[in-house]
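Chains as they are written, first to last, in full-length UniProt numbering: chain A, 1 to 141; chain B, 1 to 141; chain C, 1 to 141; chain D, 1 to 141. Every residue gets a Cβ at the ideal spot worked out from N, C-alpha and C, and that includes glycine.
4 protein chains.
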Amino acid sequence: MSKVTIAEIQDILDAELPLANLLGCTFEEIGEGYCTVRMAFKPDLIRPGGTIAGPATMALADLALYGVVLSLVGRVELAVTTSLTVNFLRKPGQEDMIAKGSILKRGKRLVVAEVELYSAGDRESMVAHVTGTYSVPPEAG
Amino acid sequence: MSKVTIAEIQDILDAELPLANLLGCTFEEIGEGYCTVRMAFKPDLIRPGGTIAGPATMALADLALYGVVLSLVGRVELAVTTSLTVNFLRKPGQEDMIAKGSILKRGKRLVVAEVELYSAGDRESMVAHVTGTYSVPPEAG
Amino acid sequence: MSKVTIAEIQDILDAELPLANLLGCTFEEIGEGYCTVRMAFKPDLIRPGGTIAGPATMALADLALYGVVLSLVGRVELAVTTSLTVNFLRKPGQEDMIAKGSILKRGKRLVVAEVELYSAGDRESMVAHVTGTYSVPPEAG
Amino acid sequence: MSKVTIAEIQDILDAELPLANLLGCTFEEIGEGYCTVRMAFKPDLIRPGGTIAGPATMALADLALYGVVLSLVGRVELAVTTSLTVNFLRKPGQEDMIAKGSILKRGKRLVVAEVELYSAGDRESMVAHVTGTYSVPPEAG
């Protein structure tokens with residue numbers, strides 16, 4: 001079972017991560033070691049060429065990593081990303097984007113997770129793939 | 001010499017990359033294969049713990065990569081990030097952040113660059129390090 | 001269907017990639033966009049602490065990436081790795097290691113794939129995760 | 001000052017990291033937070049196309065990361081790579097390869113470093129760039 005609910009995570013975003021709202025990201029699902037986050041399309045997210053900007057995609061992925069971490073260790077302010085690698089695979093269309101995060105390793109101090117990103121209308125063709133590492137305080141979880 | 005001026009790059013951002021303005025990023029310097037970009041601090045950029053959110057840092061870095069690419073190939077809409085790796089090193093303070101991008105390799109189809117990120121008030125302690133790859137059309141530049 | 005057989009790929013390794021034999025790597029399975037490679041354990045592969053050295057793990061993963069690429073584009077000497085990211089998750093035991101490569105994106109010029117690595121005796125706990133990009137000549141495949 | 005000497009590090013490699021000798025890697029220089037490692041060219045290192053294989057390059061880079069870590073924390077068996085990203089920039093010639101490692105961040109539990117790799121005969125054109133993270137026991141150093 002996830003150590004935080006969608007409502008609790010949404011409270012954290014509202015209070016302490018203004019970017020999540022600015023970018024229109026909301027949690028759709030969270031369980032122990034996985035979560036799904038949606039970023040609503042809006043014109044502010046585009047880049048030259050008319051697709052969604054890479055930084056918006058990375059922000060969504062980082063939020064999914066954060067969700068995976070919170071699902072495992074509970075609300076921990078000091079959980080921070082230590083590294084993140086993104087591979088951009090296809091140009092996303094002008095529509096909502098979906099990030100599905102899942103755990104790769106739950107260590108005592110490091111949590112490693114991956115995120116698969118899709119356009120909401122095409123769950124078959126991944127638009128980007130992310131792996132990331134979070135550092136968590138030893139006593140957490 | 002850079003193939004684009006700061007004014008030209010700023011025009012691109014104004015017209016086609018709303019996120020850059022939303023995040024308060026402006027180019028300070030651009031030359032052949034390098035550039036400096038500043039992100040003005042504002043409360044929208046914070047994350048739990050009170051430091052600047054990782055996605056804002058990554059967005060700034062991606063913009064510096066984009067500047068390095070444009071400096072070499074000129075204005076090319078189809079230049080796109082193919083991969084990016086960030087290592088977060090220190091928690092940035094609540095102040096402007098500076099990204100210094102520089103070329104690692106100018107290939108025919110791939111441009112690889114690195115970005116060093118600092119807090120504006122402390123140019124000695126890197127807060128994050130980024131490497132990224134851009135794909136450019138073969139005829140560009 | 002894979003564009004190369006296991007026998008053909010083994011011929012390439014024998015003739016042109018001495019490291020693969022030196023490390024004891026052999027292909028077990030190859031299909032269109034995926035493959036399985038095994039690295040036989042031997043004392044030469046260990047590192048301080050008694051587990052298998054990271055570079056041996058990375059070499060095995062790179063070989064699985066190469067297999068995925070060859071399965072899609074056929075025998076192409078000029079296919080080269082452009083970037084690779086590895087996350088080490090658990091210490092592998094002193095036993096054979098298995099790499100399972102699968103395609104993430106087959107572009108005209110770039111192939112992106114991921115590799116999951118396991119100890120042969122425990123296919124449930126991933127010991128490392130790799131994503132990598134190969135550059136292929138435009139005319140290949 | 002480095003917490004290990006070249007002789008001490010060479011002893012560790014001889015006793016516990018057979019791959020380093022197998023690949024012909026030797027330390028040339030070590031100081032607090034930096035080191036230089038050389039890999040002697042030999043035919044075993046080549047790959048299709050006649051350049052040095054990516055895994056050999058990565059192994060050399062990982063060794064330079066390890067040197068940077070040992071220079072800071074002393075001999076610690078449990079220092080392990082947690083992640084590593086390599087960008088291959090140019091095809092190295094059939095000659096010795098040089099890796100120059102340097103520290104990016106010395107944290108209590110994580111050490112982040114970068115490595116620049118060159119052909120011995122051309123110190124101007126980087127053939128690969130690596131960033132990597134090592135996990136070190138909290139009490140080390």
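Pick helix, strand or coil for residue 61 (chain B), following the three-state DSSP scheme.
What you label residue 61 (chain B) is simply residue 61 of the second sequence in a count that begins at 1. In this structure, residue 61 (chain B) counts as helix in the three-state DSSP scheme.
For the stretch 55-105 of chain C, which segments carrying the beta strand (DSSP E) assignment without a break, of at least 3 residues, lie completely within its bounds, in sequence order?
80-88
Whole-angstrom distance between residue 5 (chain D) and residue 117 (chain A), CA atom to CA atom
Against the first sequence, residue 117 (chain A) aligns to sequence position 117. Against the fourth sequence, residue 5 (chain D) aligns to sequence position 5. Distance between the alpha carbons of residue 117 (chain A) and residue 5 (chain D) is about 47 Å.
Residue 20 (chain C), DSSP secondary structure in three states:
For the purposes of this step, residue 20 (chain C) is taken as the residue at position 20 of the third sequence. Correct three-state label for residue 20 (chain C): helix.
Using CA coordinates, which residue listed in A:64, A:3, A:69 is at the minimum distance from residue 111 (chain A)?
Taking the first sequence and counting its residues from 1, one reaches residue 111 (chain A) at position 111. Ranking A:64, A:3, A:69 by Cα distance to residue 111 (chain A) puts A:69 first.
Look at the alpha carbon of residue 39 (chain C) and the alpha carbon of residue 126 (chain C), and state the distance between them as a whole number of angstroms.
The count along the third sequence starts at 1 and reaches residue 39 (chain C) at position 39. The count along the third sequence starts at 1 and reaches residue 126 (chain C) at position 126. Roughly 15 Å between the two C-alpha positions.
What does DSSP give as the partner residues of residue 135 (chain B) in its beta bridges?
As a working note, residue 135 (chain B) is residue 135 in the second sequence. According to DSSP, which records beta bridges pairwise, residue 135 (chain B) is partnered with B:80, B:110.
Could you run through the stretch 82-97 of chain B and flag, in chain order, every residue whose CB is less than 7 Å away from some CB of chain A?
82, 83, 84, 85, 86, 87, 88
Which bits of chain A does residue 29 (chain C) rub up against, with CB to CB less than 8 Å?
To locate residue 29 (chain C), count along the third sequence from 1; it is residue 29. Chain A residues near residue 29 (chain C): none, gap ~23 Å exceeds 8 Å.
Given that residue 54 (chain C) touches chain D, what residues does it touch there, using C-beta distances under 8 Å?
The residue labelled residue 54 (chain C) in the question sits at position 54 within the third sequence. In chain order: 62, 80, 81, 84.
Where does residue 8 (chain D) fall in DSSP's three states?
Residue 8 (chain D) sits at position 8 when you count from the first residue of the fourth sequence. Of the three classes helix, strand and coil, the one that applies to residue 8 (chain D) here is helix, per DSSP.
Considering just the uninterrupted stretch of the beta strand (DSSP E) at residue 39 (chain D), what are its terminal residues?
For this step, residue 39 (chain D) is matched to residue 39 along the fourth sequence. Per DSSP, residue 39 (chain D) belongs to the beta strand (DSSP E) from 34-39.
Contacts of residue 109 (chain D) in chain A (Cβ-Cβ under 8 Å)
Position 109 of the fourth sequence, counting from 1, holds the residue named residue 109 (chain D). What residue 109 (chain D) touches in chain A: 109, 135.
For residue 9 (chain A) and residue 74 (chain A), which I take to be in contact (beta-carbon distance under 8 Å), what is that distance rounded to the nearest angstrom?
Counting from one through the first sequence, the residue named residue 9 (chain A) turns up at place 9. Counting from one through the first sequence, the residue named residue 74 (chain A) turns up at place 74. At roughly 11 Å, the Cβ-Cβ gap does not stay under 8 Å, so residue 9 (chain A) and residue 74 (chain A) are not in contact.
By DSSP's criteria, residue 119 (chain B) is part of a beta bridge. Which residues make up the other side?
Stepping through the second sequence from its first residue, residue 119 (chain B) is reached at position 119. Residue 119 (chain B) is bridged to B:97, B:122.
Could you give the residue range of the beta strand (DSSP E) that holds residue 26 (chain A)?
The residue you call residue 26 (chain A) lines up with position 26 of the first sequence. Its beta strand (DSSP E) spans residues 25-31.
Counting only C-beta atoms, is residue 112 (chain A) closer than 8 Å to chain C at any point?
Taking the first sequence and counting its residues from 1, the one referred to as residue 112 (chain A) is at position 112. Yes, residue 112 (chain A) counts as interfacial toward chain C.
Just the C-alpha distance for residue 95 (chain A) and residue 49 (chain A), rounded to the nearest angstrom, thanks.
Taking the first sequence and counting its residues from 1, the one referred to as residue 95 (chain A) is at position 95. Taking the first sequence and counting its residues from 1, the one referred to as residue 49 (chain A) is at position 49. The straight-line gap from Cα to Cα measures roughly 15 Å.
State yes or no: is the C-beta of residue 86 (chain D) within less than 8 Å of the C-beta of residue 128 (chain D)?
Counting from one through the fourth sequence, the residue named residue 86 (chain D) turns up at place 86. Counting from one through the fourth sequence, the residue named residue 128 (chain D) turns up at place 128. It is a contact, given that the beta carbons lie within the stated cut-off.
Same chain only: Cβ atoms within 7 Å of residue 41 (chain D), ignoring 5 sequence neighbours per side:
By 1-based counting over the fourth sequence, the position of residue 41 (chain D) is 41. Same-chain partners within the cutoff: 94, 95, 96.
Does the Cβ of residue 108 (chain C) have 16 or more other Cβ atoms within 10 Å, making it buried, or fewer, making it exposed?
Along the third sequence, read from residue 1 onward, the residue named residue 108 (chain C) stands at position 108. Answer is exposed; the Cβ neighbour count stays below 16.
Are residue 115 (chain B) and residue 65 (chain B) closer than 8 Å when you measure CB to CB?
As a working mapping, residue 115 (chain B) is identified with position 115 in the second sequence. As a working mapping, residue 65 (chain B) is identified with position 65 in the second sequence. Yes; because the gap between Cβ atoms is below 8 Å, this pair is in contact.
Given that residue 104 (chain B) touches chain D, what residues does it touch there, using C-beta distances under 8 Å?
The residue you call residue 104 (chain B) lines up with position 104 of the second sequence. Result: 87, 89, 126, 129.
Given that a residue counts as buried once 16 or more other Cβ atoms are within 10 Å of its Cβ, and exposed if not, what is residue 54 (chain D)?
Start at 1 with the first residue of the fourth sequence, and residue 54 (chain D) comes out as number 54. Flag for residue 54 (chain D) reads buried.
Determine whether the Cβ of residue 18 (chain A) lies closer than 8 Å to any Cβ atom of chain B.
On the first sequence, position 18 is the one that residue 18 (chain A) refers to. Judged by the 8 Å Cβ criterion, residue 18 (chain A) is in contact with chain B.
Can you name the residues of chain C whose CB is closer than 7 Å to the CB of residue 38 (chain D)?
By one-based count along the fourth sequence, residue 38 (chain D) stands at place 38. Within 7 Å Cβ-Cβ: nothing; residue 38 (chain D) doesn't reach chain C, min ~16 Å.
In whole angstroms, what is the alpha-carbon distance linking residue 82 (chain C) and residue 51 (chain A)?
As a working mapping, residue 82 (chain C) is identified with position 82 in the third sequence. As a working mapping, residue 51 (chain A) is identified with position 51 in the first sequence. So the alpha carbons of these two residues sit roughly 24 Å apart.
Using DSSP with H/G/I as helix, E/B as strand and the rest coil, what is residue 128 (chain C)?
For the purposes of this step, residue 128 (chain C) is taken as residue 128 along the third sequence, with counting starting at 1. Note: residue 128 (chain C) maps to strand in three-state DSSP.
Residues near residue 46 (chain A) in its chain [Cβ-Cβ closer than 8 Å; skip 5 each side]
Residue mapping note: residue 46 (chain A) aligns to position 46 of the first sequence, counting from 1. So the qualifying residues of the chain are 52, 53, 94.
Can you find a CB in chain D that lies within less than 8 Å of the CB of residue 9 (chain C)?
Counting from one through the third sequence, the residue named residue 9 (chain C) turns up at place 9. No, its Cβ sits nowhere closer than 8 Å to a Cβ of chain D.
CA nearest to the CA of residue 16 (chain C), picked from D:21, D:44, D:106, D:2:
Against the third sequence, residue 16 (chain C) aligns to sequence position 16. Residue D:44 is the option with its Cα nearest to residue 16 (chain C).
Between residue 14 (chain A) and chain B, is there a C-beta pair that is closer than 8 Å?
The residue given as residue 14 (chain A) occupies position 14 in the first sequence. Residue 14 (chain A) does not count as touching chain B.
Within 10 angstroms of the Cβ of residue 138 (chain A), are there 16 or more other Cβ atoms? Answer buried if so, exposed if not.
Here residue 138 (chain A) is taken as the residue at index 138 of the first sequence, counted from 1. Classification for residue 138 (chain A): exposed.
Rounded to a whole number of angstroms, what is the C-alpha to C-alpha distance between residue 37 (chain A) and residue 102 (chain C)?
Reading the first sequence from its first residue, position 37 is the one you call residue 37 (chain A). Reading the third sequence from its first residue, position 102 is the one you call residue 102 (chain C). Spanning the two alpha carbons is a distance of roughly 25 Å.
Comparing C-alpha positions only, which one of A:19, A:131, A:99 sits nearest to residue 124 (chain A)?
Numbered from 1 along the first sequence, position 124 holds the residue referred to as residue 124 (chain A). Residue 124 (chain A) has its Cα closest to that of A:99, out of A:19, A:131, A:99.
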